[in-house]
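Novice:
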Amino acid sequence: MGEHSAEGAAKRRHMATVGVTLAILLALAAYLRFYRLPDQGILGVDEGRYVLDALSARAELNVYAGLVRGKFGEMTGGAEFSLPAFLAQAHAGLSEQHPFAPKPGFACASAIAMKLTGNVIGACSYVEAVCGVLSVMIVFGFVRDLRNARSALIACALLAVSSYHIYFSRNAYPQCSAGALLLLGVWCHYRWFRTHQNMDRPTRWPWLVLSGVLFGLSFWFNYQIAGAFPAVALVHVLACAQTANVKTVARAFMGGSLVMLIGFVSVIAVAEAWTYPIIVLYRSYGLVYPHATFLELLAPRLIGQSGVEWNASGWPLLAYFISVTDGSLYATAIALPIAAACAHALYVSARRRNVRAVAHPAITYGVVPFAVIWAVFSFKTMQGARTFTSALPFLFAVTAISIDYALRVTARAPRYALVPAAGCALAGLFFQYPGRLHEVLTIRSAYPRVVQFAREQQPPSACAAWSAVLEAYGAAYGVETRSIYADSGEPTPPIFVSDWQELYNRRAPDFPFGLAPGAVPLASYKHEFGRVFLSIEAFPSFGNTWENIAWTQQLDVDANRKLLVYASRDIEHATAGQSH
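Residue numbers (the working numbering): 150 to 729.
Okay, here's the thing in structure tokens:
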């Protein structure tokens, strides 16, 4: 009796220790992701587009809310609700805010964040920051199920303090949100695998349905997560292959695939049909609903993305971006335990002639997703650091499990690898990581000052070549802004804005396309960012990866921090065929 009591007390102490440690790590993750987040703002063209898409989604939500509010008010004794007048007025507002990217899940979540916080510019970043913290929580549960609590806490800590993950948790790209849903879907698939192995029939299929739904939601938030779906397919094949015989393998694979597909397609169907009632309502009054449906937005983008060429030189991209954000010593410290653990596991399985030993759930659900996501976004890619964000939780899961494996296994070789790994980690912690993290946390946009300058002009308006960020700030601050190449029929705004985004055309802020010789800026401001930001955001989308790395590294950070304001008359208009 005493032994059971002591064992129970020890278990409770262990659970309490794990719970307290997890709470500390989550608090740290939240602090690093929300630290002065409203002050950061947005700086890149895609961030601007996502904010504009969120404004478009907010306009759609306002239409639905207005319909309900108007009709309910009429039914409860209020003023008569004129539906034709309401639809005509709403049509004018919607026509000014067309959605750009087929990522409506993220746009809707950001629109809700706008309504809750009142912050237009920061709404997308808030969604990503919340999902970044949730990713840390999810990776704990995922790795605990795969291995144990110690591995889970190590993975949790690695993800919580990763400057790479923090960077993409603090901006307006839908990466952490889609990545968190993907990770949650893989975790649910593992729950199915575990119940399937135990032949727990009543509880196994709901896990697969939920897994498919989560993959669908991930795709709804960011269709580019489709690049990770080959990993899901391979995980499903390997999980099914571990059943008893060929017949059960086929049944599990076909049945499981169908169940997941039902969950996935259900989400896509709802996302597409969401707009149909309002489209029919508008048509019934002779109006055309000005916004496209999910599939109408998706089809051309998906076709365009699938046409991206293979790039054999892309294999070092992830290692390079980790070195940029966290330091080369940190990247080495991660790689050593993984390499040692995998090499030892392969050696043991070969020596024992037991191939199934390699098919451990940690391999199937950790190594395989990471390796496939890395391969897809390295070799068929536009070379963006953001695309690897969904691979980070799996990378840190594998790292944590490898460390735990090295500490538990009786062989000395894996344990020896921890010594140089720990040395690299400590050296990186003192010499590289603090500077990188400081850069990530102190990024600040100078666009609010430019918009204030534009407000003082006659008329109060501004334009730019890469105008999405300027347009987002203009919408937030009530200043008219547009692209200098937009043929709106209106006079060109008096001022033109140029910044680091000119690097997309391999130009500098003080040398934008069409600048008249001898033109002098009317005003000059500076963004706050460092080498980390420029190495990630200015990295070219095409071409040889090694040449792109060399080109990015030679960029002058101080020169490209400039945000310059010119008189629009000093900028020649692009020809109709000029692409920007």
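Just so it is clear, CB atoms sit at the ideal spot from N, CA and C, and this is done for glycine as well.
Note that this is a predicted model, so its numbers are computed, not measured.
(1) Using 8 Å as the threshold, is the C-beta distance between residue 515 and residue 547 below it?
(2) Helix, strand or coil: how does DSSP classify residue 677 here?
(3) Would you kindly work out how many angstroms separate the C-alpha atoms of residue 317 and residue 624, rounded to a whole number?
(4) Would a check of beta-carbon distances place residue 720 closer than 8 Å to chain D?
(5) Nearest-angstrom Cα distance between residue 414 and residue 580?
(6) Taking just the CA atoms, how far does residue 586 sit from residue 701?
(7) Cα separation between residue 656 and residue 708?
(8) Could you tell me whether the region 477–487 touches the region 564–577, using the rule of 3 or more Cβ pairs below 8 Å?
(9) Using a Cβ-Cβ cutoff of less than 8 Å, which residues in the same chain neighbour residue 295 once the five nearest sequence positions on both sides are dropped?
(10) Is it buried or exposed, residue 163, if we count other Cβ atoms within 10 angstroms and call 16 or more buried?
(11) Across the region 690–705 and the region 667–674, are there enough close Cβ pairs to call them in contact, namely three or more that are closer than 8 Å?
(12) Who are the Cβ neighbours of residue 534 in its own chain at under 6 Å, not counting the five residues just before and after it?
(13) Taking residue 304 as the reference, which of 711, 620 and 542 has the closest Cα?
(14) Could you check whether the region 315–334 touches the region 355–369, counting it as contact only if at least three pairs of C-beta atoms, one from each stretch, sit closer than 8 Å?
(15) When you compare only the Cα positions, how much space is there between residue 427 and residue 236?
(16) Take residue 242 and list the residues in its own chain whose beta-carbon comes closer than 7 Å to its own, dropping the five residues that flank it on each side.
(17) Helix, strand or coil, according to DSSP, for residue 632 in the structure here?
(18) Kindly identify the DSSP beta-bridge partner or partners of residue 459.
(19) According to DSSP, what are the bridge partners of residue 645?
(20) Quick check: the Cα distance between residue 203 and residue 251, rounded to an integer number of angstroms?
(21) I believe residue 603 touches residue 661 by the beta-carbon criterion, under 8 Å. Please report the beta-carbon distance rounded to the nearest angstrom.
(22) Tell me whether the beta-carbon of residue 673 lies closer than 8 Å to the beta-carbon of residue 642.
(23) Quick check on DSSP: helix, strand or coil for residue 178?
(24) Do residue 594 and residue 676 come within 8 Å of each other at the CB atom, strictly closer than that value?
(25) Based on the DSSP output, what are the partners of residue 672 in its beta bridges?
(26) Distance, Cα to Cα, residue 715 vs residue 434?
(27) Look up residue 450 in the DSSP assignment and say whether it is helix, strand or coil.
(28) Use the C-beta contact count for residue 266: other C-beta atoms within 10 angstroms, 16 or more gives buried, fewer gives exposed.
(29) Just list the alpha helix (DSSP H) runs in the region 550–629, keeping only unbroken ones of 4 residues or longer that don't cross its boundaries, in chain order.
(30) On the premise that residue 358 lies in contact with residue 408, defined as a C-beta separation below 8 Å, what is that separation, rounded to the nearest angstrom?
(31) Given a threshold of 16 other Cβ atoms within 10 Å of its Cβ, counted over all protein chains shown, does residue 459 qualify as buried or as exposed?
(32) Would you list the residues sitting across from residue 407 in a DSSP beta bridge?
(33) Count the other CB atoms, across all protein chains shown, that sit within 10 Å of the CB of residue 724; report buried if there are 16 or more and exposed otherwise.
(34) Between which two residues does the alpha helix (DSSP H) holding residue 379 run?
(35) Say whether the region 173–187 touches the region 283–297, bearing in mind that this needs 3 or more beta-carbon pairs closer than 8 Å, one atom from each stretch.
(36) Can you confirm whether the region 222–239 touches the region 265–281 when touching is taken to mean that 3 or more C-beta pairs between the two stretches lie within less than 8 Å?
Specialist: Once the coordinates are examined:
(1) yes
(2) strand
(3) 24 Å
(4) Absent from the structure is chain D; it holds one protein chain and no more.
(5) 49 Å
(6) 20 Å
(7) 11 Å
(8) yes
(9) 339, 510, 511, 514, 515, 546 and 550
(10) exposed
(11) no
(12) 470 and 685
(13) 542
(14) yes
(15) 10 Å
(16) 208
(17) strand
(18) 529
(19) 612 and 715
(20) 12 Å
(21) Not really, about 17 Å apart at Cβ, beyond 8 Å.
(22) no
(23) helix
(24) yes
(25) 714
(26) 46 Å
(27) helix
(28) exposed
(29) 562–580, 582–590, 596–604 and 617–626
(30) 6 Å
(31) exposed
(32) DSSP output for residue 407 lists no bridge partner at all.
(33) Note that residue 724 has pLDDT 35, beneath the 50 cutoff, so the model's placement of it is unreliable and no number is given.
(34) 378–390
(35) yes
(36) no
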